[in-house]
Each structure stands twice: as structure tokens, then as C-alpha cells.
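Asker: Take a look at this one; I'll ask things after.
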Amino acid sequence: MDLHRELGKRVRELRRRLGISQQELGERCGRGLAMQRIGEIERGEANSTLETVELLCKGLGCDPLELFMFRPAKDRPLNLPDKRLMELWRGADDKTRTKILRILAEMLDR
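Laid out in C-alpha cells, this is it:
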């Protein structure tokens, strides 16, 4: 898996879902990632730092988990329990997510 390319595809997908341009995304990122840099990221040509990932999340209105949720390979589609779990996770607020993670950690003894 080419992580840079997958991240770029995901950024483009989320940006288009919002109906905004690369320039608008740059402006939403606060410090204003340059449109050229966003283009490089979307093409998989950029090595994004954690700081860049944080800025992208801010601009796209998502958390890092959602940003890195790449589409599964065509030969490995999500099964129904996986889809249901993702739906529940996305619908949960931060407090509920924290509780879920704590319960899972206890169940898995971690």
C-alpha cells in the first residue's frame, strides 16, 4: 500500500464531499496550507508531517481516524458487522467514544 497515495485520495474524497476547492481547504486549515501543497498531497507526492495531518483534519472537519479510513481493497469489502461498528462509532460523541475505548481495552486486557 502506498500510504502517501491513499492519504491523498482520502483528502480529495473528503474535500469533494464538502464541495470545497483546494484553496478553500487551505484557508480552512488555519495557517493556510498552500493550494499547491494540497495538490501535492492529493496526488500522493508529499510526505505529510503530523502537523500537516492535524491541519488537514481541522480543514476537513474530521478526526485523524476518519482521515486514515481508506477504502478497503475491492477484494476485501467491509462485512455487515464492520459497517455497523463504523456507523455507531461515527455517530458517537467524544464522551461516548472514550467510554467505548475504555470498555474495549478492559475486555481485551490492554
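Residue numbering for the sequence shown follows this note's numbering, beginning at 2 and increasing consecutively.
Glycine included, each C-beta is placed from N, C-alpha and C at the ideal position.
Quick caveat: nothing in here was measured; it's all calculated off a predicted structure.
If I measure Cβ to Cβ from H5 and keep anything under 6 angstroms in the same chain, skipping five residues before and after, which residues do I get?
Answerer: Numbered from its first residue, the sequence shown carries residue 5 at position 4. Same-chain partners within the cutoff: G45.
Asker: Extract the residue ranges of the alpha helix (DSSP H) inside the region 34-91, only unbroken runs of 4 or more that lie entirely within it.
Answerer: If we require 4 residues or more, the alpha helix (DSSP H) runs fully inside the region 34-91 come out as 36-43, 51-61 and 65-68.
Asker: Cα separation between K10 and L89?
Answerer: Within the sequence shown, residue 10 is the residue found at index 9, counting from 1. Within the sequence shown, residue 89 is the residue found at index 88, counting from 1. Spanning the two alpha carbons is a distance of roughly 24 angstroms.
Asker: If you run the structure through DSSP and keep just helix, strand and coil, what is R18?
Answerer: Within the sequence shown, residue 18 is the residue found at index 17, counting from 1. If DSSP states are grouped into helix, strand and coil, R18 belongs with the helices.
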